[in-house]
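Q:
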Amino acid sequence: MGPIPVAEIFYSIQGEGSLVGRPALFIRFGGCNLRCVWCDTVSVWRRAMPHSIEELIRKVEKFAGRDIDIVFTGGEPLLHRRWIEKLIQEFDDGFLIYQIETNGTIPPGDFLSGREDVFFNVSPKLSNSAMPAERRVVPEVLHTLSRMARRKRAIFKFVVLDRRDVEEAMETFIEPFSIPRHAIYLMPLSNSREEFIERSPQVVQLCKEFGFSFSPRLQLVIWNRRTGV
Ligand code: SF4
């Protein structure tokens, strides 16, 4: 295994999904297997610098034992699954929950699926990402992650603009892969605080109608477009 591309490491709170508000150390890896047209972190993860495992452990260890989570994000962190496994083995119960933010196209593997303290924030991409379906819909991975959601170890977040997007999520992901309703979150497509606030009421309405949960994007509301805070 060569060096690990790491774009940023920062201590903050989880801004999205079911674990929103929890204090967490974020490790943002470089590289992604998709190129979503509205990706809001591409300029950050493209600037990743190579780290050795020792260097990474040194940076993370001062946060261990503080009753906080780790969020592995990207890019697509599961491209670096072996490194994530190594870090979890190294720190074991030094962190409360090991959260993994993934686009749902890369298998999580037995080690990560088997640990009860690993939680998956899955964000499958709709056609509004402008990525071809065969790259964003990988059935065997979605079946695995849906099983994890039934065991309350994963949630699925869909970035939506309107009803058409929700219907597409139903047809492409939720029904074919039997994703449980309690694990589904809708998040407004937005790249700024203003867009998020403007589009939220319509998405809340869709959540009420379909019986899904609403996911905030606290980082946008609090810091607008800044990352690493
Ligand atoms: S999967 Fe995520 S990180 Fe990758 S291009 Fe799409 S939005 Fe960006």
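Residues are numbered in the working numbering as their position in the sequence shown, beginning at 1, plus a constant of 1141.
Cβ atoms here follow ideal geometry from the backbone N, Cα and C, with glycine treated the same way.
(1) Which one or two residues does DSSP pair with Leu-1166 in a beta bridge?
(2) Which complete alpha helix (DSSP H) runs does the region 1290-1328 hold, if anything under 4 residues is left out?
(3) Nearest to Ile-1154 by alpha carbon, out of Asp-1210, Val-1344, Lys-1266?
(4) Taking all protein chains shown into account, do 16 or more other C-beta atoms lie within 10 angstroms of the C-beta of Pro-1249, making it buried, or fewer, making it exposed?
(5) Tell me Gln-1240's beta-bridge partners as DSSP assigns them.
(6) For the beta strand (DSSP E) that contains Pro-1191, what are its first and last residues?
(7) I need the boundaries of the alpha helix (DSSP H) containing Cys-1348, first residue and last residue.
(8) Between the alpha carbons of Phe-1236 and Ile-1247, how many angstroms are there, rounded?
(9) How many Å lie between Ile-1338 and Cys-1348 at the Cα?
(10) Counting Cβ pairs, one atom from each stretch, are 3 or more of them under 8 Å apart for the region 1282-1297 and the region 1262-1269?
(11) Please report the Cβ distance between Val-1185 and Ala-1148, rounded to the nearest whole angstrom; I am assuming they are in contact, meaning their Cβ atoms lie under 8 Å.
(12) Would you mind working out which of Glu-1316, Glu-1350, Gly-1255 sits nearest Pro-1280, comparing C-alpha positions?
(13) Give me the Cβ distance between Phe-1151 and Phe-1167, rounded to the nearest whole Å; I'm assuming they're in contact under 8 Å.
(14) What does Ile-1145 pair with, by DSSP beta-bridge criteria?
(15) Shorter than 7 Å, the distance from the beta carbon of Leu-1327 to the closest heavy atom of ligand 1, or not?
(16) What does the alpha-carbon distance come out to for the pair Val-1278 and Phe-1314?
(17) Report the rounded CA-to-CA distance for Pro-1273 versus Glu-1309, giving the unit in angstroms.
(18) Report the option in Asn-1269, Glu-1275, Val-1201 whose CA atom is closest to the CA atom of Phe-1232.
A: If we stick to the structure as given:
(1) Numbered from its first residue, the sequence shown carries residue 1166 at position 25. Residue pairing by DSSP puts Leu-1166 in a beta bridge opposite Tyr-1152, Ile-1211.
(2) 1304-1310
(3) Start at 1 with the first residue of the sequence shown, and residue 1154 comes out as number 13. For Ile-1154, the nearest C-alpha among the options comes from Asp-1210.
(4) As a position in the sequence shown, residue 1249 is number 108, starting the count at 1. With 16 or more other Cβ atoms within 10 Å, it is buried.
(5) Counted from its first residue, the sequence shown places residue 1240 at position 99. The partner list for Gln-1240 (beta bridge, DSSP) reads Val-1212, Phe-1260.
(6) Looking up residue 1191 in the sequence shown gives position 50. Unbroken beta strand (DSSP E) run through Pro-1191: 1190-1192.
(7) Within the sequence shown, numbered from 1, the residue matching residue 1348 stands at position 207. Here the alpha helix (DSSP H) through Cys-1348 covers 1334-1351.
(8) Here the question's residue 1236 lines up with position 95 in the sequence shown. Here the question's residue 1247 lines up with position 106 in the sequence shown. Distance between the alpha carbons of Phe-1236 and Ile-1247: 24 Å.
(9) For the purposes of this step, residue 1338 is taken as the residue at position 197 of the sequence shown. For the purposes of this step, residue 1348 is taken as the residue at position 207 of the sequence shown. Going by the C-alpha atoms only, they are around 16 Å apart.
(10) yes
(11) Locating residue 1185 in the sequence shown gives position 44, counting from the first residue. Locating residue 1148 in the sequence shown gives position 7, counting from the first residue. With 8 Å as the limit, Val-1185 and Ala-1148 qualify as a contact, their Cβ atoms being about 5 Å apart.
(12) Translated into positions along the sequence shown, residue 1280 becomes position 139. When only C-alpha atoms are compared, the closest one is Glu-1316.
(13) In the sequence shown, counting from the first residue as 1, residue 1151 sits at position 10. In the sequence shown, counting from the first residue as 1, residue 1167 sits at position 26. At roughly 5 Å, the Cβ-Cβ gap stays under 8 Å, so Phe-1151 and Phe-1167 are in contact.
(14) Numbered from its first residue, the sequence shown carries residue 1145 at position 4. Answer is His-1192, bridged to Ile-1145.
(15) Indexing the sequence shown from 1 puts residue 1327 at position 186. Checking every heavy atom of ligand 1 against the Cβ of Leu-1327, none is found closer than 7 Å.
(16) Residue 1278 sits at position 137 when you count from the first residue of the sequence shown. Residue 1314 sits at position 173 when you count from the first residue of the sequence shown. Their backbone Cα atoms lie some 8 Å apart in a straight line.
(17) Here residue 1273 corresponds to residue number 132 of the sequence shown, with the count starting at 1. Here residue 1309 corresponds to residue number 168 of the sequence shown, with the count starting at 1. Taking the straight line joining both Cα atoms gives about 14 Å.
(18) Numbered from its first residue, the sequence shown carries residue 1232 at position 91. The residue with the shortest Cα to Cα distance from Phe-1232 is Val-1201.
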